[in-house]
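Following the numbering used here, the numbering of the sequence shown begins with 2 at its first residue and continues without gaps.
Have a look at the structure below, then the notes.
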Amino acid sequence: MKRCFSILICFGLSFVSYSQSYWQQEAHYQMDIDFNTKNHQFDGLQELTFINHSPDTLNKVFYHLYFNAFQPGSMMDVRSRTIVDPDRRVGDRISKLSQSEMGIQQVLSLKQNNSELDFNIEGTILDVNLNEPIFPGDTVQFDMEFKTQVPLQIRRSGRMNKEGIDYSMSQWYPKLCEYDKDGWHANPYVGREFYGIWGSFDVRIHMDANYTIAATGILQNPDEIGHGYTDIDLQNPPEKLTWKFKAENVHDFVWAADPDYTHEIVINEDGPNFHLFYQKGEKNKTLGRFGRIHDQNF
């Protein structure tokens, strides 16, 4: 009995010690995106508030620029053409993208607490030298201007997917790399799973008024938008609408946009409401899938 009690005490002390030593980083994004649907490009402003919860002093930071993987000659392109992969969606398709079809992510400027930073872009990684170190517990603000061209969809994210959706957007913005007990995870993207910092997103998307957007989080201005978020029928809308979304404690901010989307809201009295987006002719299929998912999980 005494031995069992001692084991329980040791286990409890170990758990407390682990809990006290555990940490993870924190990132809060504010982004403003002006989208051009004619050339599939957008100009972006990003304000990133980063809190260093690690016990380490950081002299550099790194960002992922995922869309640069979708360029002929990229590491992802070479890997996909030279190594057998059970995922056959890629193959040699990246190598055949034209200048107007490839993904491009350019960083035009980057500041740390209003001070310009030097940086270098190598494929899908942005390598940044800091003007001031980030000490344990510090909060720092990074302000970035960037420009992006959305690639034809080959894997996960991009434009004109096989279902006919104009834009399917995940990992679409310059994203701070994860820093954990093993250091920076600034791995070039070659088509595998994502590892990043959890945080919050406050995103504004300026897009042609005929597009409907489905996105992570909660739309903050439904009365200015309509499109199924409210019953309001906008009279004489501007050329572009400004969509304002907020999301808390998520791994990524994803969104999809299409001019042919129909948007329906299913009220759920026991939890969050469900937003269904589907194209013409897809209603029965969409509602059927939703019914099965709802019955299995709620």
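Virtual Cβ for every residue (Gly too), placed ideally from N, Cα, C.
Note that the structure is a prediction, hence the values are computed from the model and not measured.
* Asked: Tell me which same chain residues have a C-beta within less than 7 Å of the C-beta of residue 124, skipping the five on either side of it?
  -> 69, 75, 76, 189
* Asked: With a Cβ-Cβ cutoff of 9 Å, do residue 336 and residue 62 count as a contact?
  -> Because the chain in this structure spans residues 2 to 299, residue 336 falls outside the shown range and cannot be described.
* State whether the region 76-94 contacts the region 40-58, with contact taken as three or more CB pairs (one from each stretch) at a distance under 8 Å. => no
* residue 175 beta carbon less than 9 Å from that of residue 127 -> Yes; because the gap between Cβ atoms is below 9 Å, this pair is in contact.
* Out of curiosity, what's the CA-to-CA distance linking residue 1 and residue 288? -> The shown model of the chain, from 2 to 299, leaves out residue 1, and the question about it has no answer.
* **Bridge partner(s) assigned by DSSP for residue 304** => No answer is possible for residue 304: it lies beyond the span of the chain, which begins at 2 and ends at 299.
* To do: Can you grab the Cα-Cα spacing for the pair residue 1 / residue 115, in whole Å?
  => No information on residue 1 is available, as it lies outside the stretch 2 to 299 that the chain covers here.
* To do: Just mark residue 140 as buried or exposed, buried being the case when its beta carbon has 16 or more other beta carbons within 10 Å.
  => exposed
* Go to residue 297, then tell me how far its alpha helix (DSSP H) extends in each direction, as first and last residue. => 284-298
* For residue 106, which of 275, 46, 292 has the nearest alpha-carbon? -> 46
* At which residues does the alpha helix (DSSP H) containing residue 161 begin and terminate? -> Residue 161 -> no alpha helix (DSSP H), and no H or E assigned at all.
* For residue 64, which beta-bridge partners are listed by DSSP? -> 127, 177
* Asked: What is the DSSP secondary structure of residue 50, reduced to helix, strand or coil?
  -> strand
* Sequence-distant residues of its chain with Cβ nearer than 8 Å to residue 219 (five each side left out) -> 246, 247, 248
* **Beta-carbon proximity list for residue 252, same chain, < 7 Å, skipping 5 on both sides** => 197, 199
* Give every residue of the same chain whose Cβ lies closer than 8 Å to the Cβ of residue 240, excluding the five residues on either side of it in the sequence, and list them in chain order. => 209, 210, listed in sequence order.
* Taking just the CA atoms, how far does residue 204 sit from residue 221? -> 10 Å
* Asked: Can you name the start and end residues of the alpha helix (DSSP H) that residue 85 belongs to?
  -> Counting along the chain, residue 85 falls outside any alpha helix (DSSP H), and DSSP gives it neither H nor E.
* For residue 173, which option in 22, 23, 43, 27 has the closest C-alpha, if you only look at C-alpha atoms? -> 43
* Asked: Who does residue 197 pair with in a DSSP beta bridge?
  -> 178
* Asked: What residues are listed by DSSP as bridge partners for residue 235?
  -> Per DSSP, none; premise fails for residue 235.
* Asked: Would you say residue 60 touches the ligand FAD, meaning its beta carbon is less than 8 Å from a heavy atom?
  -> With respect to small molecules bound, the structure shown includes none, and the ligand FAD cannot be examined in it.
* **Burial state of residue 53 (16 or more Cβ within 10 Å)** => Answer is buried; the Cβ neighbour count reaches 16.
* Write down the C-beta distance between residue 192 and residue 156 rounded to the nearest angstrom, noting that I regard them as a contact closer than 8 Å. => 6 Å
* Asked: Over what stretch of residues does the beta strand (DSSP E) that includes residue 143 continue unbroken?
  -> Unbroken beta strand (DSSP E) run through residue 143: 140-150.
* Asked: Could you give the residue range of the beta strand (DSSP E) that holds residue 214?
  -> Taken as a continuous stretch (DSSP letters only), the beta strand (DSSP E) holding residue 214 covers 213-216.
* Leaving out the 5 sequence neighbours to the left and right, which residues in its chain are closer than 8 Å to residue 264 when beta-carbon positions are compared? -> 213, 215, 228, 229, 230, 276, 277, 278
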